[in-house]
């Protein structure tokens with residue numbers, strides 16, 4: 004990975020988002036944690052790029068995971084790499100207690116080519132707020148990220164019609180004049196929220212909102228990574244990994 008970084012710095016290799024992620028991969032095959040490694044895998048595989056020894060790293064670090072969303076996220080990454088994540092799927096809760104957990108369980112099951120229990124789909128659909136958005140958990144306000152993931156998860160199970168249309172209408176309310184999308188009303192638009200919204204529209208078979216890609220392009224840095232927002236350039240590996248699938252117009256679960 005150090006060689007890749009050196010070649011990019013020397014101008015021998017183009018500074019692409021995938022190239023940036025590969026340059027940040029550690030000798031052990033990971034990106035510093037199982038979660039960040041899983042995000043990097045999903046981004047790279049969406050772009051058709053190699054992931055080195057990421058699978059071995061993920062399998063070796065399964066014991067560090069403690070949350071349902073982490074089990075599901077890593078299961079998605081392992082499945083994308085051709086590994087059956089049965090052990091992780093077995094650690095998922097038998098009953099959903101948070102909307103975000105349920106959404107990610109759907110992703111993990113679909114990415115692993117397993118059937119999704121109908122009650123799980125019903126639980127997510129029933130959490131949709133009056134404004135069309137989906138919250139992290141019932142009783143809290145919706146946000147663009149969970150809403151975008153919910154659209155992708157529901158579409159992967161065949162849901163269409165009013166729930167999807169209402170969710171997309173909610174997401175449109177969070178677009179800023181710059182073309183980017185906000186996490187919630189009143190916040191500045193950011194790269195990750197914008198990328199997830201693009202994926203939601205792709206999953207719904209709708210054209211992503213105008214200027215959303217232009218906004219993402221404005222956050223791209225010379226090394227191929229992406230800023231979080233106009234004001235901040237934090238967590239570039241995580242941000243770039245989440246932007247990559249949107250750039251190639253691929254929704255979760257990856258196919």
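Numbering (this note's numbering), first residue to last: 4 to 258. Where a beta carbon is used, it is the ideal one built from N, C-alpha and C, also for glycine.
Just to confirm before moving on: does the CB-CB distance between residue i and residue j stay below 7 Å?
i: residue 229; j: residue 193; result: no
i: residue 107; j: residue 75; result: yes
i: residue 49; j: residue 252; result: no
i: residue 182; j: residue 215; result: yes
i: residue 47; j: residue 40; result: no
i: residue 21; j: residue 52; result: yes
i: residue 23; j: residue 226; result: yes
i: residue 198; j: residue 249; result: yes
i: residue 58; j: residue 84; result: yes
i: residue 64; j: residue 37; result: yes
i: residue 45; j: residue 80; result: yes
i: residue 158; j: residue 105; result: no
i: residue 32; j: residue 66; result: no
i: residue 160; j: residue 102; result: no
i: residue 147; j: residue 62; result: no
i: residue 196; j: residue 184; result: yes
i: residue 255; j: residue 110; result: yes
To the nearest angstrom, how far is it from the Cα of residue i to the Cα of residue j?
i: residue 121; j: residue 175; result: 29 Å
i: residue 86; j: residue 234; result: 39 Å
i: residue 77; j: residue 187; result: 27 Å
i: residue 166; j: residue 18; result: 40 Å
i: residue 34; j: residue 42; result: 9 Å
i: residue 133; j: residue 144; result: 11 Å
i: residue 237; j: residue 89; result: 34 Å
i: residue 247; j: residue 131; result: 27 Å
i: residue 210; j: residue 220; result: 18 Å
i: residue 117; j: residue 213; result: 35 Å
Does DSSP classify residue i as helix, strand or coil?
i: residue 241; result: helix
i: residue 166; result: helix
i: residue 38; result: helix
i: residue 178; result: strand
i: residue 146; result: strand
i: residue 247; result: helix
i: residue 20; result: helix
i: residue 94; result: coil
i: residue 258; result: coil
i: residue 155; result: helix
| said: For the structure I just gave you, are there three or more beta carbon pairs, one from the segment 158-173 and one from the segment 132-140, closer than 8 Å? | reply: As far as the Cβ criterion goes, the segment 158-173 touches the segment 132-140, which means the pair count is three or higher.
| Which ranges would you report for the alpha helix (DSSP H) in the segment 184-230 if only whole runs of at least 4 residues count? | 194-206 and 215-221
| Runs of beta strand (DSSP E) wholly within the segment 102-144 (minimum 3 residues, chain order) | none
| Runs of alpha helix (DSSP H) lying entirely within the segment 30-86, each at least 4 residues, in chain order | For the segment 30-86, whole alpha helix (DSSP H) runs of length 4 or above, ordered along the chain, are 37-49, 57-63 and 71-83.
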